[in-house]
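These notes concern the structure reproduced below.
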Amino acid sequence: MGAELPIGRFLHWEQQTPDQLYLRQRRDGEFVDLTWAEYGDRVRRLATFLQKQCPEPGSRVAIYAKNCADWFIADMAIMLSGHVSVPLYPGVARKSLDYILDHAEVQVAFIGQAEEMAQVLPELPSALITVAIGTQTLPCSWTLDQIYEQHERMEQVPDLPPDHVFTLMYTSGTTGSPKGVMHDLATVAYAVPTFCQMWKMGPEDRFVSYLPLAHAAERIIVEMDSLYCGAVVHFVESQESFVEDLRAIRPTLFFSVPRLWVKFKQGVESRFPPLLLRVLLSLPVVGRRLAMKIRAGLGLDQTTCFITGSAPTPPEVHRWYRRLG
């Protein structure tokens with residue numbers, strides 16, 4: 003598995019475990035599930051569409067949306083069609099958005115719900131082909147349902163080389179305009195299997211995707227890891243339902259930024275004075291029960307892999323979570 007490219011892993015799960023759950027989207031309090039076969043069917047039809055719209059291999063296709071199952075479908079379809087994805091932060095500044103679309107020469111853009119989209123969408127370049135994804139209801143060139151109904155499955159999967167650039171990720175940079183960072187397939191094939199093997203990740207694991215997929219960390223740790231190990235990926239419904247969703251999902255791997263780890267800690271300490279909590283957690287039996295109760299309240303009672311990154315996490319926060327086991 004160490005040398006296998008992402009498309010190879012997609013084909014593996016699609017063929018070997020077609021009826022196994024892969025993506026779970028929560029909408030209006032209900033779960034909408036996609037198996038590997040259903041995911042694969044949508045990916046293949048969308049890839050056919052992209053090749054028709056962009057006959058030239060390596061064309062750039064943007065994904066401008068919040069995390070959702072359609073984001074994963076669009077990303078794999080772009081890869082399968084031999085093109086290059088350009089993920090955009092949902093709240094990207096208008097000036098940066100215009101620059102990236104022009105600099106990357108984006109031809110197609112998947113448009114989801116994002117801040118100020120009603121104002122942005124009408125002002126996008128007229129030549130840009132737009133596709134509505136997620137819960138987007140604003141007028142676009144295409145909807146996913148139209149594409150799935152009008153396009154056949156791509157059956158001939160391209161044999162892309164390891165040095166094929168599959169994504170162009172823009173960062174703000176320290177000065178000037180956004181900088182595009184090129185990532186090839188070999189990068190994923192080298193880094194991701196090692197992580198999955200180290201943490202013994204597999205199809206029984208549950209991930210939750212909520213941090214921006216335009217950032218390399220979420221893209222690798224959640225999307226690409228799930229592709230290699232076959233884990234189920236859950237998407238939260240909204241910021242307001244985040245904690246409720248997390249309790250329902252009970253992820254086995256949870257990746258977050260220091261700010262949220264601190265917020266969780268502060269929430270617990272608002273109910274338990276820090277000194278009292280430290281004393282209670284130090285008691286052999288009571289401490290274990292209390293720690294598990296706190297973790298269950300956060301939705302992290304089944305989490306075995308906790309990851310933090312993107313900024314320094316205070317040492318005291320690390321120590322606090324260690325006391326929770």
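Numbering of the sequence shown is given in my numbering, commencing with residue 3 and proceeding in unit increments. Positions of the beta carbon are idealized from the N, C-alpha and C atoms, including for glycine.
message = Which of the three DSSP states is assigned to M171 in this structure?
response = M171 falls in the strand class under three-state DSSP.
inquiry  = Is the separation between the beta-carbon of A233 and that of R208 shorter than 8 Å?
reply    = Cβ atoms of A233 and R208: closer than 8 Å.
ask   = With burial defined as no fewer than 16 other Cβ atoms inside 10 Å of the residue's Cβ, what is the status of E16: buried or exposed?
value = It is buried - the Cβ of E16 has at least 16 other Cβ atoms within 10 Å.
query = Using the C-alpha atoms, what's the distance from V224 back to P195?
reply = Between P195 and V224, the C-alpha separation is close to 13 Å.
query = Where D303 and D72 are concerned, what is the direct C-alpha to C-alpha distance, given to the nearest angstrom?
reply = As the crow flies, the alpha-carbon of D303 is around 28 Å from that of D72.
query = In terms of residue numbering, what span does the alpha helix (DSSP H) encompassing G182 cover?
reply = Secondary structure note for G182: it is in no alpha helix (DSSP H), and the uninterrupted beta strand (DSSP E) holding it is K181 to D186.
ask   = What's the C-alpha gap between L285 and M226?
value = Rounded to whole angstroms, L285 to M226 spans 40 Å at the Cα level.
ask   = Can you find at least 3 beta carbon pairs, one from the segment 34 to 51 and one from the segment 78 to 93, that sit closer than 8 Å?
value = Counting Cβ pairs under 8 Å, three or more are found: they touch.
ask   = Which residue comes first and which comes last in the alpha helix (DSSP H) that contains F244?
value = Element bounds for F244: F244 to I251.
request  = Just tell me which of H236, C198, C56 and P59 has its CA closest to the CA of Y212.
outcome  = In this structure, H236 is the residue among H236, C198, C56 and P59 with its C-alpha nearest to the C-alpha of Y212.
Candidates L36, H153, P180 and M171: closest to K54 by CA position = Checked all of L36, H153, P180 and M171; the closest Cα to K54 is H153.
ask   = Going by the CB atoms, is the gap between S179 and Y66 shorter than 8 Å?
value = With respect to the 8 Å criterion, Y66 and S179 are not classified as neighbours on the basis of their beta carbons.
task = Helix, strand or coil for T139, going by three-state DSSP, please let me know.
result = T139 falls in the coil class under three-state DSSP.
request  = State the start and end residues of the unbroken beta strand (DSSP E) segment that holds L99.
outcome  = For L99, there is no enclosing beta strand (DSSP E); the residue is part of the alpha helix (DSSP H) that begins and ends at R96 to H105.
request  = Measure the Cβ-Cβ separation of F256 and F308 and say whether it is below 8 Å.
outcome  = In contact: F256 and F308 (Cβ atoms closer than 8 Å).
request  = Determine, using beta-carbon pairs with one atom in the segment 133 to 143 and one in the segment 152 to 166, whether at least three such pairs fall under 8 Å.
outcome  = Touching, no, given that fewer than three Cβ pairs across the two stretches are closer than 8 Å.
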